[in-house]
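Q: Encoded as C-alpha cells, here's the structure I'll be asking about.
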Amino acid sequence: MSRPIRRRVATRMTRVRMCAVESMPLETDPSILHAVKTVYTTDLGLPHDWTDAQRAEFIEYEADKITWMVRAQASTLGDQSIEQWTRRHDGRAPDRMVRSALRTAARAQALHIVLNTELYELIASDTEDENPEQVRSA
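Each residue of the sequence shown is one higher than the one before, counting from 11 in our numbering.
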C-alpha cells in the first residue's frame, strides 16, 4: 500500500543578521541633552577659544555618553528589580505591566545616579576648585 505523496512548498530561507545592542544607533535622550547643555553653558562653562561647532560637538558627545551610561545602568537595575520581585513572590515572574513599572522605576533611578555622578558632581568640584576656603567653611 502506497502512501500519498505530499507536495512540499519550497519556502525561501531568509538570513537574519543579529546585532549587539552596542552597535545599534541610539538617539540621545532629550532630557539628558538639555541637562548637559544647561550645566556646561551656565555652571561649568566651556573654553572661550572653542567655536560654537566645537562646543555643540562636545555637548552632544557628553550627552551621548551619559545616555549610554543611563541605558546600561537602567538595564542592570531593572534586571535586579525583576529578580528581587520574583524572589519576594515565591518564584513567580512579574507580568508585563509589573515588569514595565519596574523597568520604568529603574530607568528613573539610573538617570538620577548617572546625572549626579557624571554631571552634577562636576559643579560641586568646580566650585571647590574656585573657592576652597568658602566651601570648607560652609
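From the three backbone atoms N, C-alpha and C, an ideal C-beta is built for every residue, glycine too.
Note that the structure is predicted; figures quoted are calculated from it, not measured.
Would you tell me roughly how many angstroms separate the C-alpha atoms of Thr38 and Leu54, rounded to the nearest one?
A: Cα to Cα, the separation comes out at about 21 Å.
Q: What runs of the alpha helix (DSSP H), each 4 residues or longer, lie entirely inside the segment 70-127?
A: Listed in chain order, the complete alpha helix (DSSP H) runs (minimum 4 residues) inside the segment 70-127 are 106-125.
Q: Below 8 Å CB to CB, which residues in the same chain sit around Pro104 once its five sequence neighbours on both sides are set aside?
A: Correct list, in chain order: Ile92, Trp95, Thr96, Leu112.
Q: Inspect the beta-carbon positions of Arg117 and Ala73 and report whether they are closer than 7 Å.
A: No, the Cβ-Cβ distance between Arg117 and Ala73 is not below 7 Å.
Q: Measure the alpha-carbon distance for Pro40 versus Thr51 and round it to whole angstroms.
A: Pro40 and Thr51: Cα-Cα distance of roughly 16 Å.
Q: For Thr52, report the span of its alpha helix (DSSP H) as first-last.
A: From DSSP, Thr52 is part of no alpha helix (DSSP H); its letter is neither H nor E.
Q: Between Leu121 and Arg81, what straight-line distance do the alpha-carbon atoms span, to the nearest angstrom?
A: Approximately 8 Å, taken between the alpha carbons.
Q: Measuring straight from C-alpha to C-alpha, what distance separates Ala45 and Ile123?
A: Rounded to whole angstroms, Ala45 to Ile123 spans 14 Å at the Cα level.
Q: According to the neighbour-count rule (16 or more other Cβ atoms, all chains shown, within 10 Å of its Cβ), is Ile42 buried or exposed?
A: The residue in question, Ile42, is buried, as its Cβ has 16 or more Cβ neighbours within 10 Å.
Q: Closer than 6 Å to a non-hydrogen atom of the ligand MN - does that hold for the CB of Ala116?
A: By its list of ligands, the structure shown contains no ligand whatsoever, and the ligand MN lies outside what it can speak to.
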